[in-house]
Every structure is written in C-alpha cells, then in structure tokens.
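Structure, as structure tokens:
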Amino acid sequence: TKFAGLDLQGYKTFAKETNLVFPAQITAIVGPNGSGKSNVADAIRWVLGEQSYSLLRAKKTEDMIYSGSDSRARAGMAAVSIKFNNVSKWLPIDYSEVVLTRRAYRDGKNEYLINNQRVRLKDFSELLGRTGLSDRTYTIIGQGLVDTALSIRPDERSKLFEEAA
Amino acid sequence: TKFAGLDLQGYKTFAKETNLVFPAQITAIVGPNGSGKSNVADAIRWVLGEQSYSLLRAKKTEDMIYSGSDSRARAGMAAVSIKFNNVSKWLPIDYSEVVLTRRAYRDGKNEYLINNQRVRLKDFSELLGRTGLSDRTYTIIGQGLVDTALSIRPDERSKLFEEAA
Amino acid sequence: MKKDFLETYKAVSTEFSRMFTRLFNGGSARLMLNDEDSPIDGGIEIEARLPGKREQGLVLLSGGERSLTAVALVFALLKVSPTPFCVLDEVDAMLDESNVGRFIELLKDLSSETQFVLITHNRNTVSAADVIYGVTMGKDSASQVISLRLDEVDEDFIN
Amino acid sequence: MKKDFLETYKAVSTEFSRMFTRLFNGGSARLMLNDEDSPIDGGIEIEARLPGKREQGLVLLSGGERSLTAVALVFALLKVSPTPFCVLDEVDAMLDESNVGRFIELLKDLSSETQFVLITHNRNTVSAADVIYGVTMGKDSASQVISLRLDEVDEDFIN
Ligand SMILES: Nc1ncnc2c1ncn2[C@@H]1O[C@H](COP(=O)(O)OP(=O)(O)OP(=O)(O)O)[C@@H](O)[C@H]1O
Ligand SMILES: Nc1ncnc2c1ncn2[C@@H]1O[C@H](COP(=O)(O)OP(=O)(O)OP(=O)(O)O)[C@@H](O)[C@H]1O
Ligand SMILES: [Mg+2]
Ligand SMILES: [Mg+2]
C-alpha cells in the first residue's frame with residue numbers, strides 16, 4: 046500500500062492530534078452528521094495542495110484552523126501530514142517513507158514540509174506531481190458531487206481525460 | 046384530507062393507468078432506483094401547471110409522454126389528474142370533488158380540464174391559484190434540492206417569503 | 559405589500575429558530591434582513607450555530623447539517639403558511655439515524671395541517687407513514703405501484 | 559499531446575461501456591467525441607441506455623441512475639490511469655440496495671490497484687471494508703476517531 050497514513054492536528058474539527066493509518070485496500074469512515082468525516086477528505090485535499098477554498102467548504106485560510114467551542118480553546122495552527130510508503134521507490138526521493146506536511150497559521154501563512162524539512166511550495170508541488178495525486182480531479186469525489194462528471198460541460202469533461210493521459 | 050388522489054396514464058414511466066389515493070396525512074413512496082418515484086413528484090408538479098422543463102428533468106413536452114421500451118409501445122399522450130376533496134368547499138367551485146387534469150400530446154399540444162370539462166389555461170391557473178399550490182416553491186422539494194433554500198441568493202430567498210405572505 | 563411581507567417574515571423567523579433547535583436538539587439559528595427599509599430586495603440571510611459549536615458560516619456545515627437547516631426553513635414556512643400538501647423527495651438522504659428521528663417527529667406535528675408525501679429509501683422515515691406505496695419497474699419497463707404494509711417493506715424497496 | 563489524449567480517450571471509452579453494463583446489470587452506454595479533429599476542445603458527450611429502456615437524454619435519469627453513471631466514468635478513469643488512492647465521500651447516498659451491491663463488487667476489483675477511502679452511512683458499503691474508522695463529535699466539540707470491527711458498527715455510526 047502506497048498511502049500509509051494521515052495525521053491531523055488543529056485541522057477543522059480535529060482539535061486533538063489524530064493519527065489515521067491506511068494499511069488496507071478499502072477503508073470505511075462512518076459516523077453521525079457533523080462528526081468530521083468530510084473534514085478528513087478536506088484535510089487530504091488540502092495537504093495535497095488545494096488552493097481553492099470553495100472546494101474546501103471555506104472562504105479563507107483561517108477556516109482550516111480549529112475555531113474552538115464552549116469547552117475548548119481555538120487552535121493557533123492547522124497541520125496535516127500525509128504519509129506514503131516508499132519502499133518500492135515509486136517516489137523519486139531516497140526515503141522509504143515520505144511525509145508531506147502542510148501547516149497554516151491564523152495570519153494566513155502556509156508552510157510546506159517534506160519529511161519534516163521546510164521546503165518551498167515549488168518543491169512541494171513538484172514532488173506532489175510525482176505522486177499522480179495533484180491535479181487529478183477524480184482522486185477525491187466530494188459529498189454531493191458524485192454526478193459532477195455528468196453535469197459539467199463536454200469540454201470540461203475532456204479535462205478529466207487530459208489528467209488521465 | 047384535501048389531497049385525495051392522483052391518476053397517471055402515459056406519464057413518463059407510468060405507461061399503464063395508475064391510480065394513487067392519499068387518504069392519510071403521511072404517505073411514503075419507496076422502491077428501487079429508476080422505478081418511478083420522482084416521476085410521481087414530477088407528475089404532481091406538472092399537473093399543477095409547471096412550465097419550466099428543467100424542473101421536470103426534461104427538455105420538451107414529448108419528454109412527459111411514455112417513450113416505449115423493448116417490450117411496450119410508446120404512448121401517444123400523457124395525462125395526469127389530481128383530485129381534491131372539496132366537501133368543505135375550500136375551493137370556490139360547486140363540486141364536492143374537484144379534479145384538475147392536464148394532458149399532453151406528441152405534437153406538443155397541452156390540454157387542461159376541470160372535472161373532465163376542457164377549460165382555458167387561464168381558468169385552470171385561476172382555480173389552481175385558489176388551492177394555494179401554484180407558485181409555492183416549497184410545495185415540492187425535489188431530489189437533490191433539499192438545501193436550495195441555503196444556496197440561493199438572499200433576495201431569491203425573499204421570494205419564498207413573498208409566496209408565504 | 560411590504561407590511562404583509564414583514565409580518566410573514568417575523569412569524570417565519572420565530573418558527574425557524576424554534577424548528578432549528580428542535581431538529582438539532584440544541585444550538586440556535588436566526589434569519590436576518592439585510593435591509594430593514596427594503597426587506598424584499600435586501601434579501602434574507604441565515605445564521606446558524608450548532609450545539610456546542612461557535613457560530614460559523616453556512617459554507618462550513620456538513621451535508622446532513624445543511625439538509626436539516628434547510629428543512630427547518632421549509633417547516634417554518636409550512637407552519638406559518640400551510641399548503642394543502644407537500645412532497646419531499648429524499649430530503650433525508652444525508653441524515654443520520656438520530657437526525658431522521660427528530661425530522662420525523664417534527665413532520666408528524668406539521669402533518670395535522672399539511673398532508674405529506676415522502677419519497678425515501680430510509681426505513682425510519684417509512685415507519686412514520688400511515689400509507690406506503692411501493693413503486694417498481696415492471697418487466698415491460700413501465701412503473702407499477704402496489705400498496706404495502708410496513709412489515710412488507712423489505713430490501714427490495716428500502717435500504 | 560492530441561495523440562496521448564486520443565489513446566487515453568479510447569481506453570477510457572471502452573472501460574466506461576464495460577463498467578456501466580456491470581453496474582446496471584445490463585443496458586449500454588458510450589462516450590462520444592463532439593469533434594474528432596479537435597477532440598479536447600470539442601468535448602466529450604455521454605450516451606446511456608438503461609436495461610430494457612430506450613436511449614434517452616441524461617437529464618431524464620433518476621438520482622440513483624445519475625450517481626451510478628458518474629461512478630462508471632470515474633471507475634473507467636481509475637482503471638485506465640490508477641491513482642495511488644481515491645476518496646469517495648457518500649457517492650452511495652442515493653443508491654438502492656442492489657446497486658450498492660454491484661458498486662461494491664466493482665470497487666473491490668479496482669482496489670487491487672488503488673486504495674479506497676469510503677465515507678458512508680450505508681451498512682453494505684461498510685461491510686466491504688477491511689478497516690473501519692468511526693468518527694464522532696466529542697463533548698468538547700472536537701472530532702474523535704476510533705477503530706471499529708464490523709460487528710461494532712451500530713446505529714450510532716451507520717443508518
Ligand atoms: N475550522 C473549524 N473549526 C471548528 N469546526 C469546524 C471548522 N471547520 C468546520 N467545522 C465544523 O465541521 C462540521 C462539519 O464536519 P463534516 O463535514 O466533516 O461532517 P460529516 O461527518 O461529513 O457529516 P455528514 O454526515 O453530515 O456529511 C461542521 O459542523 C462545522 O461547523
Ligand atoms: N417519457 C419517458 N418515457 C419512459 N421512461 C422515462 C420517461 N421519462 C423518464 N423516464 C425514465 O424514468 C426513470 C427515472 O425515474 P425516477 O426519477 O422516477 O426514478 P426514482 O424512482 O426516483 O429513482 P431514484 O431512487 O434513483 O431517485 C429513468 O430511467 C428514465 O429513463
Ligand atoms: Mg460529510
Ligand atoms: Mg428519485
């Protein structure tokens with residue numbers, strides 16, 4: 046399995062550090078309305094470099110950070126790390142595990158890290174491009190958006206195929 | 046109960062004459078995908094005078110008429126009748142049961158009937174206006190459209206209130 | 559005209575807050591006029607605060623939370639200005655079990671004034687109905703309808 | 559560029575027809591290029607014929623039929639050009655029991671090349687998973703996650 050794990054801290058409703066592992070081919074996420082399931086999907090989209098806030102059900106950077114509740118203070122930062130198993134070296138980087146991290150702060154600043162080293166967004170995007178996960182619209186099918194492939198214009202549909210090509 | 050029944054013939058997937066009665070306050074309609082449940086909702090919308098084909102998941106009059114299958118010929122006409130119990134005379138017409146019928150033919154012609162008498166669309170709409178059912182956006186909440194009230198613009202939302210006023 | 563609108567608006571606004579808190583078993587929500595002097599053109603805004611959470615934009619709400627908030631508004635309109643009947647086509651599709659329960663409870667209250675037709679794949683919703691119709695596609699590719707009792711509704715008809 | 563696109567298009571087109579017929583247990587569907595000489599700008603159209611029915615516009619399809627047709631296209635893209643993983647958030651919300659069954663079967667085939675994360679309220683979908691995470695909102699209004707076995711998934715987590 047290439048996709049090994051996801052760590053969230055301060056991201057949307059994940060105030061506490063949460064570590065999810067993905068050892069299997071099929072993982073299900075279940076739970077009541079508003080519990081945070083789609084927020085996990087947003088976290089994945091966000092750490093993979095999403096810059097469009099509308100696709101993240103948000104308006105600005107601050108919306109990514111846990112905003113607090115009656116019983117818990119808000120967070121100062123959101124951090125999501127996605128872990129890849131790279132034993133087969135499918136990623137052109139000399140580590141057997143590759144961790145991509147994105148952090149955001151309340152002043153709107155974003156930071157990008159590869160295996161805990163700060164890197165420029167340029168290098169982060171470059172490595173992401175090698176995963177085959179960036180700019181693939183069909184990697185994450187959002188809630189309520191399953192029939193997007195049918196409702197988009199024919200020329201927008203061609204874009205999906207360009208991604209696959 | 047004011048809403049007494051619905052008769053469909055030749056309407057979308059209702060090739061055969063179908064009579065539904067609504068003696069209760071809460072009626073459920075269940076069944077597999079594509080069986081015709083939303084088509085019943087479309088039939089109600091259509092007989093109540095809907096002129097916008099996009100709200101009927103269609104493009105033209107002909108789409109209202111059963112188009113046939115491998116094992117059944119297409120229909121020449123679609124007819125939907127909605128029956129109201131008028132014993133209390135909530136409708137200003139001297140009948141204890143009021144039946145509004147709409148028919149459509151393949152040449153695009155529509156016919157309107159009140160208690161089986163042909164009437165002008167003007168008179169049909171006029172009586173419909175008295176039912177409190179025409180031009181009420183919230184009478185029929187279509188599939189996939191439950192959160193429309195949230196996604197429309199604030200001034201469009203005012204229209205809902207104008208209808209209720 | 560504007561006077562009718564404002565009267566209706568106030569009544570629906572009160573009901574909306576009530577319905578929201580009942581459906582979410584807590585929290586609070588309200589409607590607001592963008593322009594009190596030009597209420598119709600100014601438009602109506604919605605603010606919602608879920609139980610235990612801070613007030614946030616509607617855009618952050620989950621799928622089920624959006625459905626339920628919209629239902630609260632529709633129910634408020636029906637309470638203030640009932641229509642003879644109302645058809646709800648799979649409005650419960652994204653609701654979890656406890657939210658469906660509260661939705662059904664509130665619907666039963668409203669059903670004294672308005673007849674409801676509920677198109678659904680949800681077992682709990684069906685159990686709230688007095689009459690159940692099962693629709694299937696026949697071998698001749700035409701719809702056929704049968705009347706069902708609750709104990710006859712099985713996996714062929716419901717999820 | 560155009561050559562790659564046409565090759566990919568042909569492969570996805572073949573898979574899409576196959577996936578559609580498997581998901582619908584019959585019927586047929588195909589993709590079409592609006593302009594063979596300018597395939598990218600001309601755009602791609604979808605034609606679908608459901609089992610036993612005549613070919614009709616996509617606009618007439620039911621909610622469940624639309625979901626399943628879109629899934630057939632996504633699965634075709636994944637088959638031709640797999641990504642390391644794919645997240646599907648409640649794509650089964652409108653599917654009836656038999657369609658969920660075929661969706662899951664096809665997903666299992668694809669899962670040999672792609673890891674899937676399925677967010678769902680559906681019992682049948684959950685039973686196809688190897689690993690299940692239950693997410694709940696804690697009393698402190700923060701999400702908490704626990705690992706669940708299939709027999710531990712009850713109405714608190716699923717419909
Ligand atoms: N920055 C934030 N801080 C705190 N809470 C947030 C933040 N962003 C979003 N939320 C909350 O997250 C909740 C939505 O979570 P999510 O969409 O993951 O739910 P879900 O489990 O997918 O539910 P459903 O089954 O209804 O789709 C909303 O109640 C929203 O208030
Ligand atoms: N004029 C017509 N003639 C024949 N079939 C039609 C016509 N119009 C629509 N249909 C068929 O009706 C079907 C859709 O029915 P409907 O939307 O009522 O399904 P549904 O029971 O609501 O399903 P779901 O549970 O997926 O929402 C489509 O398969 C479409 O081909
Ligand atoms: Mg969700
Ligand atoms: Mg439907």
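Chains as they are written, first to last, in the numbering used here: chain A, 46 to 210; chain B, 46 to 210; chain C, 559 to 717; chain D, 559 to 717.
Positions of the beta carbon are idealized from the N, C-alpha and C atoms, including for glycine.
Quick caveat: nothing in here was measured; it's all calculated off a predicted structure.
Next item on the list: Determine the chain D residues that contact Ser586 (chain C) at a beta-carbon separation under 7 Å, and present them in chain order.
Entry: Per Cβ cutoff of 7 Å: no residues; Ser586 (chain C) is ~15 Å from chain D at best.
Notebook entry, point to check: Any residues in the region 141–167 of chain A with a beta carbon nearer than 7 Å to a beta carbon of chain C? Which ones, in chain order?
Noted result: none
Margin query: Rounding to the nearest angstrom, what Cα-Cα distance links Met652 (chain C) and Leu581 (chain D) in this structure?
Written below: 22 Å
Item checked: Sheet register partners of Gln614 (chain D) (DSSP bridge) -> D:Ala606
Notebook entry, point to check: Do you know offhand how far Val645 (chain C)'s Cα is from Ala73 (chain B)'s?
Noted result: 10 Å
Notebook entry, point to check: For chain C, is any of its Cβ atoms less than 8 Å away from the one on Asn84 (chain B)?
Noted result: yes
Checklist line | Ile127 (chain A) - DSSP class collapsed to helix/strand/coil | finding: strand
Item checked: Gly153 (chain B) versus Asp599 (chain C) - alpha carbon distance -> 37 Å
Notebook entry, point to check: Going by alpha carbons, who is nearest to Tyr140 (chain A) out of A:Val92, A:Thr146, A:Phe59, A:Asn131?
Noted result: A:Asn131
Notebook entry, point to check: Is the Cβ-Cβ distance between Ile602 (chain C) and Pro77 (chain B) less than 8 Å?
Noted result: no
Check: Just by C-beta distance, which residues in the region 640–672 of chain D are closer than 9 Å to chain C?
Finding: Asp647, Glu648, Ala651, Met652, Leu653, Asp654, Glu655, Ser656, Val658
Check: Hey, would you say the C-beta of Ser99 (chain A) is under 7 Å away from at least one heavy atom of ligand 3?
Finding: no
Checklist line | For Thr72 (chain A), the three-state DSSP class (helix, strand or coil) | finding: strand
Check: Span of the alpha helix (DSSP H) holding Ser575 (chain D)?
Finding: 560–581
Note to self: Measuring only from the beta carbon, is Gln54 (chain A) closer than 7 Å to any heavy atom that is part of ligand 2?
What the structure shows: no
Margin query: If the criterion is Cβ atoms closer than 8 Å, does the pair Lys128 (chain A) and Ala49 (chain A) meet it?
Written below: yes
Next item on the list: Please decide whether Arg607 (chain D) counts as near chain B, where near means a Cβ-Cβ distance under 8 Å.
Entry: no
Check: Less than 8 Å separating the beta-carbons of Gln188 (chain A) and Ser99 (chain A)?
Finding: no
Notebook entry, point to check: Closest to Arg612 (chain C) by CA distance: which of D:Met590, D:Phe661, D:Asp698, D:Phe715 is it?
Noted result: D:Asp698
Checklist line | Assigned secondary structure, Gly50 (chain A) (DSSP; H/G/I helix, E/B strand, else coil) | finding: strand
Next item on the list: Please compile the residues from chain A whose C-beta is within a distance smaller than 7 Å of the C-beta of Glu623 (chain C).
Entry: Asn78, Gly79
Next item on the list: Could you say which of D:Thr566, D:Lys637, D:Asp650 lies nearest to Thr683 (chain D) if we only look at CA atoms?
Entry: D:Asp650
Next item on the list: Please report the residue range of the beta strand (DSSP E) in which Asp647 (chain D) lies.
Entry: 643–647
Next item on the list: Measure the alpha-carbon distance for Thr641 (chain C) versus Thr672 (chain C) and round it to whole angstroms.
Entry: 6 Å
Margin query: Using a 10 Å radius around the Cβ and a threshold of 16 neighbouring Cβ atoms, would you call Met109 (chain A) buried or exposed?
Written below: buried
Margin query: Pull the bridge partners of Thr140 (chain B) from the DSSP assignment, please.
Written below: According to the sequence provided, residue 140 (chain B) is Tyr. The question's Thr does not apply to it. Tyr140 (chain B) is not bridged to any residue.
Next item on the list: Using a cut-off of 9 Å between C-beta atoms, extract the partners of Gly610 (chain D) located in chain C.
Entry: Met695, Lys697, Asp698, Ser699
Notebook entry, point to check: Is the beta carbon of Thr184 (chain B) sitting closer than 8 Å to the one on Leu190 (chain B)?
Noted result: no
Item checked: Nearest residue (CA-CA) to Phe578 (chain D), options D:Val617, D:Pro597, D:Leu668, D:Glu623 -> D:Glu623
Notebook entry, point to check: Short check: CB of Leu205 (chain B) to CB of Leu635 (chain C), under 8 Å?
Noted result: yes
Note to self: With three or more C-beta pairs closer than 8 Å as the rule, is the region 58–68 of chain A touching the region 160–170 of chain A?
What the structure shows: no
Notebook entry, point to check: What's the gap between the Cα of Ser669 (chain C) and the Cα of Gly81 (chain B)?
Noted result: 24 Å
Checklist line | Nearest-angstrom Cα separation, counted from Ala686 (chain C) out to Arg707 (chain C) | finding: 12 Å
Next item on the list: Report, in whole angstroms, the separation of the C-beta atoms of Val92 (chain A) and Arg175 (chain A), which I expect to be a contact under 8 Å.
Entry: So it is not a contact: roughly 15 Å between Cβ atoms.
Margin query: Using 8 Å as the threshold, is the C-beta distance between Leu145 (chain B) and Ser133 (chain B) below it?
Written below: no
Next item on the list: Find the nearest neighbour of Ala149 (chain A) within the set A:Ser116, A:Ala88, A:Ser114, judged by alpha-carbon distance.
Entry: A:Ala88
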